[in-house]
Amino acid sequence: MPDDRRPLLFTHWGAYRAEVKDGRLQALDGLEGDPDPSPIGRSIPGALTDDLRIRQPMVRAGWLAHGPASRAARGQEPFVPVSWEKAEALVAGEILRVAAAHGNGAIFGGSYGWASAGRFHHAQSQLHRFLNLVGGYTASVTTHSYAAAEVLLPHILGSQDSLVARHTPWPIIERHTRLMVMFGGLPVKNTQISAGGVGHHTIAESLRRCRDAGTAFVNISPIREDTAAELGATWLPLRPNTDTALMLALAHTLWAEGLHDTAFLDRCCTGFDRVLPYLTGAADGQPKDADWAAAICGIEAETIRALARRMAATRTMIAVAWSLQRADHGEQPLWAAITLAAMLGQIGLPGGGFGFGYGGSNRIGNTPHPFSWPALPQGRNLVRDYIPVARLADMLLNPGGAYAFNGARRRYPDIRMVYWAGGNPFHHQQDLNKLVRAWQRPETVVVHEPWWNAMARHADIVLPCTTSAERNDLGIATGEAHLFAMRQLIEPVGEARSDFAILSGIAATLGLGEAFTGGRDEMGWVRHLYALARQRAASHDLNLPDFEAFWTDGHIRLPPPTTEKNLFEDFRAAPETAPLPTPSGRIELFCDAIAGFGYADCPGHAVWLPPAEWLGAAEAAQFPLHLISNQPRTRLHSQYDNGRVAQESKVAGREPVLLHPADAAARGITDGMLVRVFNTRGACLAGAVLSDAMMPGVVQLATGAWFDPGPDGLELHGNANVLTLDKGTSSLAQAPIAHSALVEVEAFIGEAPPLRVMTPPAILAPRR
14 MPDDRRPLLF THWGAYRAEV KDGRLQALDG LEGDPDPSPI GRSIPGALTD DLRIRQPMVR
74 AGWLAHGPAS RAARGQEPFV PVSWEKAEAL VAGEILRVAA AHGNGAIFGG SYGWASAGRF
134 HHAQSQLHRF LNLVGGYTAS VTTHSYAAAE VLLPHILGSQ DSLVARHTPW PIIERHTRLM
194 VMFGGLPVKN TQISAGGVGH HTIAESLRRC RDAGTAFVNI SPIREDTAAE LGATWLPLRP
254 NTDTALMLAL AHTLWAEGLH DTAFLDRCCT GFDRVLPYLT GAADGQPKDA DWAAAICGIE
314 AETIRALARR MAATRTMIAV AWSLQRADHG EQPLWAAITL AAMLGQIGLP GGGFGFGYGG
374 SNRIGNTPHP FSWPALPQGR NLVRDYIPVA RLADMLLNPG GAYAFNGARR RYPDIRMVYW
434 AGGNPFHHQQ DLNKLVRAWQ RPETVVVHEP WWNAMARHAD IVLPCTTSAE RNDLGIATGE
494 AHLFAMRQLI EPVGEARSDF AILSGIAATL GLGEAFTGGR DEMGWVRHLY ALARQRAASH
554 DLNLPDFEAF WTDGHIRLPP PTTEKNLFED FRAAPETAPL PTPSGRIELF CDAIAGFGYA
614 DCPGHAVWLP PAEWLGAAEA AQFPLHLISN QPRTRLHSQY DNGRVAQESK VAGREPVLLH
674 PADAAARGIT DGMLVRVFNT RGACLAGAVL SDAMMPGVVQ LATGAWFDPG PDGLELHGNA
734 NVLTLDKGTS SLAQAPIAHS ALVEVEAFIG EAPPLRVMTP PAILAPRR
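Numbering (my numbering), first residue to last: 14 to 781.
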């Protein structure tokens with residue numbers, strides 16, 4: 014039993030004990046035993062009932078008066094409150110109309126998986142289950158986090174398991190890794206989060222244990238604070254987007270000095286003989302040596318050579334941040350890292366090889382149990398069309414337009430209706446001014462949202478949904494084996510309903526109520542999913558208590574798996590009998606399939622391709638600062654930007670932008686000053702913070718400030734995605750490239766326009 018009976022709130026950033034008084038959530042305290050609880054929990058109590066909560070269904074005034082023909086003013090008009098009965102009828106009617114006139118492929122089921130950590134109230138699953146029942150929808154594939162890797166790695170390694178599911182675990186790194194070379198650093202702030210929730214935050218402690226055991230760290234990043242100061246890492250600041258050039262130069266040094274492992278390359282890899290002419294310059298006249306790379310990445314040639322020798326002399330783990338592939342040609346640093354690791358010959362050895370995303374999530378480096386936990390069944394989508402997730406605006410702007418993706422020639426569907434529950438494209442999409450233009454194209458936009466963020470303000474029909482504190486659910490911290498009873502803490506605010514309740518009502522209007530609910534209410538589903546979890550655990554000799562005991566106690570922690578394995582351990586030991594699921598059965602340093610696609614922007618092996626925007630580009634003369642729009646430490650993406658923790662971090666009411674003192678001085682900018690960050694795509698206001706942790710020529714503006722478009726195209730709040738470039742990484746993956754963006758920064762002169770996104774939009778009186 015826990016020390017007290019306070020109920021639990023389980024989130025993507027941790028579990029908390031809740032203090033509830035007089036029907037209101039007063040405070041949250043980190044779960045007992047969590048060594049490093051996330052401060053984001055402090056944002057939740059106040060935000061649950063703030064003025065930005067949407068308390069009843071709303072319809073944009075122009076759409077309510079004129080229907081789907083009215084869309085030019087989307088994002089600018091006031092809203093009109095309606096009853097749930099009216100809202101359900103409007104949404105059901107639009108689904109029927111669009112499907113009858115244009116087919117279900119004209120409905121885009123836009124959703125993303127971060128809305129709730131619960132297994133049942135998972136907005137994406139709920140929406141997709143509903144849309145599959147009404148005939149299907151156009152979907153998106155891949156993720157914003159690591160889309161380039163999701164497409165590339167199955168070609169090179171046979172699967173994408175090395176992204177999330179399988180990593181060399183921290184205890185093995187602690188015992189065996191003597192050098193951890195971190196491309197993109199290993200920012201602990203990102204590890205306060207994990208998709209599906211966090212039970213105990215362990216990464217900071219794991220890193221300290223590695224340090225104490227003798228692991229040395231090298232932080233290769235334009236930001237010194239991408240690695241915790243307590244690790245004593247060597248900082249090698251490099252120009253953003255040039256990691257591939259550095260990796261190739263390290264590989265060249267290994268080859269030139271005879272430090273590469275020929276036996277491993279011959280036994281476990283294929284294609285090195287076809288990569289070598291490019292590496293040596295025999296193919297194009299340019300050796301990819303340290304002198305060549307030094308001019309590109311800004312790290313001295315001898316430093317590069319010394320690092321290569323050091324990596325070859327000891328057990329080395331190459332850690333690559335997920336963020337590296339969110340750049341133009343983002344496939345290349347992943348492929349180059351695999352090539353470099355293969356030449357070192359340590360893949361599959363304890364503590365050696367590579368890992369993608371060690372600083373990306375709390376679950377990376379944990380050993381999961383060898384079974385999957387249950388989730389809400391979504392049914393079958395009868396619509397076969399889909400888009401890569403980052404190509405949203407292109408789809409809306411170019412119906413019927415052709416594009417390449419992973420060896421196929423595809424066309425964008427003609428979308429007439431967008432239905433969105435979970436996620437916020439006005440946060441994660443690049444070039445938001447382009448998205449605003451694209452967003453005028455659909456005839457109807459339906460959104461489930463708790464707060465008046467930009468997603469809700471740019472909808473036609475807004476259905477207020479509850480948060481995790483206002484419903485019952487089952488929480489499972491995947492990879493940690495924590496199970497949580499997510500008991501409802503407070504009554505829903507206003508008329509808010511869960512996504513399940515909202516969709517149940519619309520399904521009933523369409524005559525599909527029983528099919529959608531499966532004959533279960535909320536608690537019926539929670540009990541059912543827990544029963545499935547008990548069965549799957551029992552199949553591996555793990556016994557969970559009955560539901561009543563679980564629901565009373567609130568928290569179960571299963572013992573961790575006893576087997577720890579290095580990534581690719583079995584493959585290395587016997588590549589002939591345990592081959593990879595690639596055409597050759599080995600690591601494909603040259604991939605015939607990708608080469609056969611004929612993509613100039615992603616050939617058959619790792620190469621250096623200059624990004625569309627970087628500090629070596631001609632555009633740098635006009636926009637001489639490289640923008641890093643990294644993950645925030647004060648919220649999850651854009652969630653709870655209205656909360657206490659995020660608001661405390663603002664500077665002059667805006668998102669902070671970090672500059673090197675020399676860059677600030679050259680522009681007459683002082684600490685705390687309001688500045689304008691701009692390029693040809695847009696401009697935003699931000700609050701200047703001077704920091705020598707930034708490499709000169711680089712600025713950091715975290716993503717996730719609620720989009721607040723103001724007069725003359727000026728975004729008022731510091732949303733970095735008005736500045737980022739909406740272009741695919743390559744024809745292979747079509748992944749987002751947020752980190753390939755050049756900007757300029759100047760002091761903002763005059764009186765700043767007031768923020769608007771932190772107050773509700775205009776609400777008209779309901780019509781009688």
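The C-beta atom is built at its ideal place from N, Cα and C for all residues, glycine as well.
Of the candidates A678, S207, E504, the residue whose Cα lies closest to the Cα of N375 is S207. Residue environment for N117: buried (at least 16 other C-beta atoms within 10 angstroms of its C-beta).
In terms of Cβ geometry, G413 and R424 form a close pair [threshold 8 Å]. When the Cα atoms are used, G126 and C478 turn out to be separated by approximately 15 Å.
Residue pairing for S129: DSSP places it in no beta bridge.
The alpha helix (DSSP H) runs of length 4 or more contained entirely in the region 317 to 400 are, from start to end of the chain, 344 to 357.
As far as DSSP is concerned, G106 takes part in no beta bridge. R667 sits away from A760, with the two beta carbons spaced by 8 Å or more. G492 and A677 have their C-alpha atoms some 43 Å from each other. With distances taken between CA atoms, T215 lies nearest to P48 out of A550, P401, G567, P48. For the set R339, A31, G148, L347, the Cα lying nearest the Cα of L261 is the one of L347. For M260, the secondary structure class from DSSP, reduced to helix, strand or coil, is helix.
Sequence-distant partners of M356 (beyond 5 residues in either direction) whose C-beta falls short of 6 Å from its own C-beta, in its chain, are A264, L267, H273. Cβ contact annotation for Q299 (same chain, cutoff 7 Å, sequence separation greater than five): W305, in chain order. Spanning the alpha carbons of A258 and G123 requires a straight line of approximately 36 Å. By the neighbour-count criterion, in which 16 or more other beta carbons inside 10 Å mark a residue as buried, K447 falls on the buried side. Of the residues V712, A520, T683, P669, the one whose Cα lies closest to the Cα of N145 is A520. Below 8 Å, too few C-beta pairs join the region 582 to 599 and the region 338 to 345 to call them touching: fewer than three.
Taking C-beta atoms as the reference points, D473 and V458 count as a pair closer than 8 Å. In the assembly as shown, I185 is a buried residue. Its beta-carbon has 16 or more other beta-carbons within 10 Å. A distance below 6 Å between beta-carbons, with the five flanking residues on each side excluded, links G723 to the following residues of its chain, in chain order: L729, P766. One alpha carbon belongs to T293, the other to A217, and they sit about 40 Å apart. Within its own chain, the residues whose Cβ lies closer than 7 Å to the Cβ of R646, once the five positions on either side in sequence are excluded, are K202, listed in chain order. When secondary structure is reduced to three states using DSSP, Q205 falls in the helix class.
In the structure shown, Q652 adopts extended strand secondary structure according to DSSP, grouped into three states. Contiguous alpha helix (DSSP H) elements confined to the region 165 to 241 occur at 183 to 189, 216 to 225, taking only those with 4 or more residues. About 6 Å separates the beta carbon of N485 from that of M536, a gap short enough to meet the 8 Å contact definition.
The three-state secondary structure of K301, taken from DSSP, is coil.
For I607, the enclosing alpha helix (DSSP H) starts and ends at 605 to 610.
Counting along the chain, L278 sits inside the alpha helix (DSSP H) bounded by residues 275 to 281. Contact check between the region 83 to 95 and the region 165 to 180: fewer than three CB pairs, one atom from each, fall below 8 Å, which does not count as touching. Minimum Cα-Cα distance from A162 among the listed residues F277, K663, I351, L476 corresponds to I351.
For A718, the closest of V756, M707, H650, R694 by C-alpha to C-alpha distance is H650. Counting the other CB atoms within 10 Å of its CB gives F691 a total of 16 or more, which places it among the buried residues. The three-state reading of DSSP puts Q89 in coil, since its state is none of H, G, I, E or B.
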